[in-house]
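Residue numbers (the working numbering): 1388 to 1496.
Here's what the structure looks like:
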């Protein structure tokens, strides 16, 4: 196991050194032009003539516009959903006990 790792490291280093590197391009520095000192300040220019004043507006106020048309009727709203079922009613009161009465016999014809 020791020799196989050593052999792999040796083969890897030989493979990497066998590769040819391309030559990097040579960069030649270009001289930069430096500006000279500033010249003397020039003479002040003369003042320009004043512009003419515009005409004043003399128009009258326009008439009031007509009233707008009545808007359209709005849409009906959505219908509500059905309500929930109500709770069961309470049991009614117990009736009175029956009374003993006459016996009725029904005879069919």
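Ideal placement from N, C-alpha and C gives every residue a C-beta, glycine not left out.
This structure is a prediction, so every number in the text was calculated from the model and none was measured.
Cβ shell of residue i (< 8 Å), same chain only, five flanking positions each side left out
i: residue 1422; result: none
Residue i versus residue j: straight-line alpha-carbon distance, rounded
i: residue 1400; j: residue 1414; result: 31 Å
i: residue 1425; j: residue 1418; result: 21 Å
i: residue 1432; j: residue 1412; result: 55 Å
i: residue 1476; j: residue 1455; result: 59 Å
i: residue 1389; j: residue 1404; result: 23 Å
i: residue 1427; j: residue 1440; result: 39 Å
Cβ shell of residue i (< 7 Å), same chain only, five flanking positions each side left out
i: residue 1442; result: none
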